[in-house]
Amino acid sequence: MTIHGRRIEIIRALRELQNPRIPDEGRRDLAARDAILDSTVELVLSEGWEALTIEGIANRARVSKQTIYRWWKSKGAVLMDAVLANGFKWPAIPDTGDFEADLKGGLRSLVGEFSDASFDSLLRALLIGAQEDGKLSAELDRQVRSWITAEFAFLIESARQEGRIEAHADPELIIELLYGAVFTRWLLRTGSLDFRFADAVAEMTARALTPGRS
4 MTIHGRRIEI IRALRELQNP RIPDEGRRDL AARDAILDST VELVLSEGWE
54 ALTIEGIANR ARVSKQTIYR WWKSKGAVLM DAVLANGFKW PAIPDTGDFE
104 ADLKGGLRSL VGEFSDASFD SLLRALLIGA QEDGKLSAEL DRQVRSWITA
154 EFAFLIESAR QEGRIEAHAD PELIIELLYG AVFTRWLLRT GSLDFRFADA
204 VAEMTARALT PGRS
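Spelled out as structure tokens, the structure:
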């Protein structure tokens with residue numbers, strides 16, 4: 004199976020876990036919705052955002068355009084639901100007590116996701132769509148940043164409370180710097196986005212925050 008195929012399978016599995024199929028009346032609507040969402044992901048991965056149209060989605064999913072517009076107002080909204088509507092399942096960051104090692108693990112997970120070819124294509128398509136829709140932009144920011152904020156905040160606060168990093172450390176500012184470093188390199192392609200980069204960012208952050216190491 005191709006990388007794109009695996010991405011589609013993962014997204015489909017997550018949707019089905021969070022929205023179990025119900026029998027009887029809802030079965031037909033759920034089947035149509037799944038076909039629309041799967042088709043949207045497949046089209047973006049194979050042809051790109053520019054080639055994505057409501058008509059193209061409808062043809063691939065074998066539904067009418069009216070069916071799509073019944074649930075979504077734009078192709079961006081369809082793609083958002085296809086990829087992120089139910090909360091993308093980012094990998095969890097362990098808290099082992101070794102702040103630098105845990106930070107490296109979290110950043111490696113983040114870098115690994117952003118480096119994935121399929122996720123890259125999907126997220127860049129969503130960014131284009133978000134420029135045309137303020138609500139889509141806000142939701143994209145919330146969905147992508149929610150895991151990063153929650154996971155890293157827990158790790159940083161735990162280390163701060165236990166005295167493993169400086170007591171004055173500001174979790175929100177640290178997260179902004181970590182996320183900004185990865186996102187900027189991904190968005191602008193200013194350098195390699197790999198584990199070496201993740202480890203370097205983690206080491207510099209830990210050195211700055213750990214008592215006696217700055």
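Residue numbers (our numbering): 4 to 217. Using N, Cα and C, we set each Cβ at its ideal position, and we do this for glycine too.
Distance, Gly51 Cα to Ala85 Cα: Residue numbering aside, residue 85 sits at position 82 when the sequence shown is read from its first letter. Residue numbering aside, residue 51 sits at position 48 when the sequence shown is read from its first letter. If you draw a straight line from the Cα of Ala85 to the Cα of Gly51, it comes to about 15 Å.
Distance CB(Phe157)-CB(Asp98) smaller than 9 Å: If you number the sequence shown from 1, residue 157 lands on position 154. If you number the sequence shown from 1, residue 98 lands on position 95. Yes, they are a contact pair.
Euclidean distance between Cα positions of Gln134 and Arg63: For the purposes of this step, residue 134 is taken as residue 131 along the sequence shown, with counting starting at 1. For the purposes of this step, residue 63 is taken as residue 60 along the sequence shown, with counting starting at 1. So the two alpha carbons sit approximately 26 Å from each other.
Short Cβ contact (9 Å threshold) for Ser124 with Val185: Counted from its first residue, the sequence shown places residue 124 at position 121. Counted from its first residue, the sequence shown places residue 185 at position 182. Contact: no.
Residue nearest to Val114 in terms of C-alpha spacing, selected from Ala38, Gly215, Ala211 and Trp189: As a working mapping, residue 114 is identified with position 111 in the sequence shown. Nearest to Val114 by alpha-carbon distance, out of Ala38, Gly215, Ala211 and Trp189, is Trp189.
Distance between Gln146 and Gly183 (C-alpha atoms, nearest Å): Counting from one through the sequence shown, the residue named residue 183 turns up at place 180. Counting from one through the sequence shown, the residue named residue 146 turns up at place 143. The straight-line gap from Cα to Cα measures roughly 16 Å.
Close beta carbons around Ile131, own chain, < 7 Å, minus the five adjacent residues each side: To locate residue 131, count along the sequence shown from 1; it is residue 128. So the qualifying residues of the chain are Trp52.
Cutoff 8 Å; reference Asp27; Cβ partners in own chain excluding five residues on either side: Here residue 27 corresponds to residue number 24 of the sequence shown, with the count starting at 1. Interpretation of Asp27 is limited by its pLDDT of 49, a score under 50 that renders its predicted location unreliable; no figure is taken from the coordinates.
CA-to-CA distance, Leu40 to Ala104, given in whole angstroms: To locate residue 104, count along the sequence shown from 1; it is residue 101. To locate residue 40, count along the sequence shown from 1; it is residue 37. For Ala104 and Leu40, the distance between alpha carbons rounds to 38 Å.
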